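First up is the structure itself, then whatever we jot down about it.
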Amino acid sequence: MESMETMGNHRGSNETRDLLLALGGVALMAFGAGLVMCHPVVKRYLENLGINEIVGGAIPDLERYLKLRSM
283 MESMETMGNH RGSNETRDLL LALGGVALMA FGAGLVMCHP VVKRYLENLG
333 INEIVGGAIP DLERYLKLRS M
């Protein structure tokens with residue numbers, strides 16, 4: 283039978299492993315998204331979609347929201 287200290291250490295290592303796996307997954311998703319966004323066809327598609335105009339229009343609203351929230 284395992285002692286309580288050994289069981290506690292084992293549980294902690296599982297939590298650490300799970301955290302590392304989750305962070306590794308997030309890093310891989312960000313890296314993959316960066317690779318996709320660098321492709322010329324994707325860039326052309328996004329330019330035609332007008333993403334810059336949408337983001338540019340949303341920034342003043344975001345600034346107003348943050349000012350109201352800080353009051």
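To convert, count from 1 in the sequence shown and add 282; that's the numbering used here. Just so it is clear, CB atoms sit at the ideal spot from N, CA and C, and this is done for glycine as well. Only a predicted model underlies this, so the values are computations on that prediction, with no experimental measurement involved.
Could you name the residues of the same chain whose beta carbon sits closer than 7 Å to that of residue i, not counting the 5 residues immediately before and after it, in chain order?
i	result
L317	none
Please state whether DSSP places residue i in a helix, a strand or coil.
i	result
G441	The chain is shown only over 283 to 353; residue 441 falls outside these bounds and no answer can be derived.
M311	helix
M353	coil
Give the straight-line distance between the Cα atoms of residue i and residue j, rounded to the nearest whole angstrom.
i	j	result
D343	K349	10 Å
L310	G332	27 Å
V323	S295	44 Å
A340	A315	22 Å
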